[in-house]
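Everything on this sheet refers to the single structure shown next.
There are 2 protein chains.
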Amino acid sequence: MARFTAGELEVMRILWEHGELKPAEIQRHFPRPIKNAALRSYLTILLQKGHLARRSKGKAFYYRPKTRRESTFRAMLGELVDTFCGGSSEALLCHLLAKEKLSTEELLELQRMAQQPPTSL
Amino acid sequence: MARFTAGELEVMRILWEHGELKPAEIQRHFPRPIKNAALRSYLTILLQKGHLARRSKGKAFYYRPKTRRESTFRAMLGELVDTFCGGSSEALLCHLLAKEKLSTEELLELQRMAQQPPTSL
DNA sequence: AACAATCTGTAGAATTTTCTGCACGTCCTC
DNA sequence: GAGGACGTGCAGAAAATTCTACAGATTGTT
Chain A
875 MARFTAGELE VMRILWEHGE LKPAEIQRHF PRPIKNAALR SYLTILLQKG HLARRSKGKA
935 FYYRPKTRRE STFRAMLGEL VDTFCGGSSE ALLCHLLAKE KLSTEELLEL QRMAQQPPTS
995 L
Chain B
875 MARFTAGELE VMRILWEHGE LKPAEIQRHF PRPIKNAALR SYLTILLQKG HLARRSKGKA
935 FYYRPKTRRE STFRAMLGEL VDTFCGGSSE ALLCHLLAKE KLSTEELLEL QRMAQQPPTS
995 L
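Chains A and B, in that order, are what the protein sequence lines are. If you want the working numbering, it's the position in the first sequence, counting the first as 1, plus 874. If you want the working numbering, it's the position in the second sequence, counting the first as 1, plus 874.
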């Protein structure tokens with residue numbers, strides 16, 4: 875469903891953050907130097923795959939995400955969990971908790987935050 | 875560092891689980907039908923990239939992981955966090971806690987588990 | 001109208017990923 | 001030692017990904 879190549883993800887990331895941009899603007903936000911035409915080939919593919927929509931505005935086309943950031947995140951996290959945690963998020967949680975070395979207090983605070991729907995992630 | 879294509883990851887996953895296998899065995903564990911030679915081209919690439927080692931045993935070569943499962947997991951999780959959580963694991967934690975809808979008791983149990991080093995993930 | 005700046009479309013090259021076919025080598029059995 | 005089962009190596013095809021080059025369209029300015 876929501877599988878992206880590295881380049882495609884770079885584009886989506888920028889559009890998720892900024893909402894609606896034309897190619898030259900995306901190019902400016904790109905995390906590495908990239909030629910305008912190279913960038914546009916990403917856009918064309920993402921359009922074809924249905925992950926982006928665009929509309930004409932002034933002289934240029936403006937692109938915006940059609941695939942939601944949140945659902946992409948869930949899909950990718952799910953794959954990671956499948957591959958490395960045998961499908962259970964528990965092991966992932968466990969790993970994160972260990973890595974973050976959270977105190978009981980911080981943990982409870984997190985839990986409180988987590989129970990306020992919805993997360994704006 | 876530890877970037878894998880989809881196919882490479884399928885191979886690594888099997889070898890992480892089983893330790894040391896010859897091509898025909900990996901082929902049998904593969905999650906989809908794949909020809910022996912197609913599989914071997916993955917092995918050759920993974921060898922070149924240094925993610926696998928192999929040794930001759932009997933008539934065949936046996937392959938085993940050189941890149942550790944745990945470090946790959948950390949790297950991929952890190953990328954995910956960078957892309958979707960602005961680099962902080964907190965948001966990821968928050969998301970997981972919300973999704974898992976854990977009770978305070980379960981949470982504390984998880985925390986207890988997490989503080990027993992090391993996780994065998 | 002002429003010009004520059006900016007944007008589009010398209011054709012295709014280079015590279016990587018994924019897969020196929022086939023020739024040859026080794027081991028076992030008859 | 002002939003044949004079959006099973007393995008390797010390699011050459012390269014097919015498809016996807018990433019990138020380049022260029023021709024032409026649109027907008028704004030003089």
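Beta carbons are placed, not taken as given, at the ideal position from N, Cα and C, and that holds for glycine. Remember, predicted model here, so these are calculated numbers, not experimental data.
If you draw a straight line from the alpha carbon of residue i to that of residue j, how long is it in whole angstroms?
i        : j        : result
A/Thr873 : B/Leu954 : Beyond the ends of chain A as shown, which are 875 and 995, falls residue 873 of chain A; an answer cannot be given.
A/Glu998 : B/Lys940 : Any answer about residue 998 of chain A is impossible in this case: the structure gives chain A only from 875 up to 995.
A/Lys933 : B/Gln985 : 56 Å
A/Gly952 : B/Ser930 : 37 Å
A/Ser821 : B/Glu983 : As displayed, chain A neither begins before 875 nor continues past 995, which places residue 821 of chain A out of reach and without an answer.
B/Lys923 : A/Ile900 : 33 Å
B/Arg877 : A/Ser977 : 33 Å
A/Thr879 : B/His903 : 26 Å
A/Pro905 : B/Pro907 : 38 Å
A/Glu964 : B/Ser945 : 19 Å
A/Ala912 : B/Glu979 : 52 Å
Specify the secondary structure class of residue i as computed by DSSP and reduced to three states.
i        : result
A/Arg902 : helix
A/Leu981 : helix
B/His931 : Checking the sequence, you will find Lys at residue 931 of chain B rather than His. Three-state result, B/Lys931: strand.
B/Arg942 : coil
A/Thr993 : At A/Thr993 the pLDDT is 48, less than 50, meaning the model places this residue with poor confidence; the figure from the coordinates comes in the next sentence. A/Thr993: coil per DSSP, three-state reduction.
Going by the CB atoms, is the gap between residue j and residue i shorter than 8 Å?
i        : j        : result
A/Leu966 : B/Leu883 : no
A/Lys909 : A/Tyr936 : no
B/Leu921 : B/Arg914 : no
B/Glu894 : B/Arg938 : yes
A/Phe947 : B/Phe958 : yes
B/Met886 : B/His925 : yes
B/Tyr916 : B/Gly881 : yes
B/Leu889 : A/Leu981 : no
Going along chain B, which residues have a C-beta under 7 Å from residue i?
i        : result
A/Arg887 : Thr957
A/Phe947 : Phe958
Name, please, each residue of chain A whose Cβ falls closer than 7 Å to the Cβ of residue i.
i        : result
B/Thr941 : Within 7 Å Cβ-Cβ: nothing; B/Thr941 doesn't reach chain A, min ~13 Å.
B/Leu981 : Leu981, Gln985
By the criterion of Cβ-Cβ separation under 9 Å, what are the contact partners of residue i in chain A?
i        : result
B/Leu970 : Leu951, Ser963, Leu966, Leu967, Leu970, Ala988
Run down chain B in chain order and give the residues with a C-beta less than 8 Å from the C-beta of residue i.
i        : result
A/Leu883 : Thr957
Residue i versus chain A: which residues are under 8 Å apart at the beta carbon?
i        : result
B/Leu954 : Phe947, Met950, Leu951, Leu954
B/Thr978 : Leu982, Gln985
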